[in-house]
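The structure appears right after this line, and notes come after that.
There are 2 protein chains.
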Amino acid sequence: MTNYNDTTYAILGILTTDCKSGYSIKQFIDRSLNHFWKISYGQIYPTLKFIVQEGLAEVQISSNPGKPDKNEYNLTSKGRDVLKNWLEQPMKQLPIERNEILLKLFFGRYQSHKKTVSLIQNYKQELEKRYQTYVAIEQSIMDFNPNDDDAVYWLFTLDYGKRTTKAALEWCEYTLDKLFIKEE
Amino acid sequence: MTNYNDTTYAILGILTTDCKSGYSIKQFIDRSLNHFWKISYGQIYPTLKFIVQEGLAEVQISSNPGKPDKNEYNLTSKGRDVLKNWLEQPMKQLPIERNEILLKLFFGRYQSHKKTVSLIQNYKQELEKRYQTYVAIEQSIMDFNPNDDDAVYWLFTLDYGKRTTKAALEWCEYTLDKLFIKEE
DNA sequence: TGAATCATGTAAAAAGTTACATGATTCG
DNA sequence: CGAATCATGTAACTTTTTACATGATTCA
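Quick look at the structure:
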């Protein structure tokens, strides 16, 4: 079976939900997958075209009164097979997060103590916002899709986001403490 | 001041340490920054060339008896300024880790329970290995650079890696439990 | 009317990976 | 001698981002 890239599989996966147009795919990712996946229109539209070319989905124009027309993409059986096949493949490798903050901190010796502290404080603030976003998404999933077969899995990924973000927050606190002690 | 990309800054930063050639930069990143940064030779060598072009470093050939010659890159004062300036810039945005496992889990509904479990078990195993690697690196930093000004900061980043990895491991355990309950 | 949102797309540039080529030295 | 390590590099390719262009509809 041909291999596609993860962006293609992500879109294929989303096409199993109610989001079936380029615009709504973007929205879906920004709202629901934001903690571990992001994507731009520059990837979405060409990939959708490619997916149709490969016979993994079919397009039809859907007109909603009072809204601009949109292209609705529906998976073919081949598309569903390709998705399932990918899901069954074992993990390729552990993801490595490129973390700009850690990179700067790594060279912290070349910076003033003050700047290092504010770098981490700023990071902490952003992490707190992110954590709150996760809580909000979690709540909205539980409110609106309580019996949805997908919901269980969506909540698993959110739990992951919450746990790792919390760990990062605790690290911020601990590291700030250490930096204050060092300052004395 | 001109802006460069993070890869350039990462290399600039490493050139402040004892690693001053393309080959040793690669080794350094693989050994010490591996948990939040990775890089290929295909990036390193062209970037080094570019760094010299921009006047941020100077090359000289260094001959070690019994070893192939190597190009030794040393930062110029402009290079050090550029590095310091970057360190002082506030964080651009929170990094988003693209996590293939979470992406698959998100579409877990389309997969057998068994496969989902083994996906997570496999992930857990890899995370355990990673955790042990961090502990080993930490130990070697404490053994070999106990008074190094850099060491404190290097240990901070490792602590981050350990904490978030541990949180991910706990998530694996918790999620596996939930999946077993669901199976009954 | 004008801003916000809905909707689709492309072109160019930037960033990153992979595969290859080359050659010296070391060590078992 | 042959494998491993040290060392430098490039070319082709893939992936992703950014910036732009276009136009409909909604609502204050």
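Heads up: the sequence lines are chains A and B, in that order. Per full-length UniProt numbering, the first sequence starts with residue 1, numbered consecutively. Per full-length UniProt numbering, the second sequence starts with residue 1, numbered consecutively. Glycine included, each C-beta is placed from N, C-alpha and C at the ideal position. Please read these numbers as outputs of a predicted model, since none were measured by experiment.
Bounding residues of the alpha helix (DSSP H) (the contiguous stretch that carries residue i)
i             : result
residue 174/B : 151-183
residue 148/B : Here residue 148/B belongs to no alpha helix (DSSP H), and DSSP marks it neither H nor E.
residue 8/B   : 6-14
residue 25/B  : 22-28
Cβ-based neighbour list, residue i, same chain, cut-off 8 Å, excluding 5 preceding and 5 following
i             : result
residue 61/A  : 69, 70, 71, 72
residue 31/B  : 137
residue 63/B  : 69
residue 7/B   : 39, 43, 47
residue 52/B  : 58, 59, 73
residue 120/A : 101, 105, 172, 175, 176, 179
residue 183/B : 113
residue 131/B : 162, 165, 166, 169
residue 41/B  : 22, 26
Close beta carbons around residue i, own chain, < 6 Å, minus the five adjacent residues each side
i             : result
residue 1/B   : 85
residue 116/B : 108
residue 14/A  : 25, 28
residue 95/B  : none
residue 145/A : 151
residue 19/A  : 25, 28
residue 185/B : Examination of residue 185/B is not possible in this model, given that chain B is present from 1 through 184 alone.
residue 75/A  : 15, 57
residue 127/B : 165, 168, 169
residue 3/B   : none
residue 181/A : none
Close Cβ partners of residue i (< 7 Å) along its chain, the five nearest in sequence each way excluded
i             : result
residue 78/B  : 55, 56
residue 67/A  : none
residue 141/A : 151, 154, 155
residue 123/A : 101, 172
residue 9/B   : 83, 86
Residue i CB to nearest heavy atom of the ligand GTP below 6 Å
i            : result
residue 54/A : Ligands are entirely absent from the displayed structure, and the ligand GTP is therefore not among its contents.
Would you list, in sequence order, the uninterrupted beta strand (DSSP E) runs of no fewer than 3 residues that lie entirely inside the stretch 47-130 of chain A? Counting whole runs of 3 or more residues, the stretch 47-130 of chain A contains the beta strand (DSSP E) stretches 57-62, 70-75.
The stretch 22-34 of chain B contacting the stretch 84-94 of chain A, beta-carbon criterion three pairs below 8 Å: No, the stretch 22-34 of chain B does not touch the stretch 84-94 of chain A.
Three Cβ pairs or more, each shorter than 8 Å: is that satisfied between the stretch 155-175 of chain B and the stretch 97-117 of chain A? Contact annotation: the stretch 155-175 of chain B touches the stretch 97-117 of chain A, with at least three C-beta pairs closer than 8 Å.
Contact between the stretch 30-42 of chain A and the stretch 105-114 of chain A: three or more CB pairs below 8 Å? With a cut-off of 8 Å, the stretch 105-114 of chain A and the stretch 30-42 of chain A do not count as touching, because too few Cβ pairs lie within range.
Do three or more CB pairs link the stretch 163-174 of chain A to the stretch 44-54 of chain A at distances below 8 Å? No contact exists between the stretch 163-174 of chain A and the stretch 44-54 of chain A.
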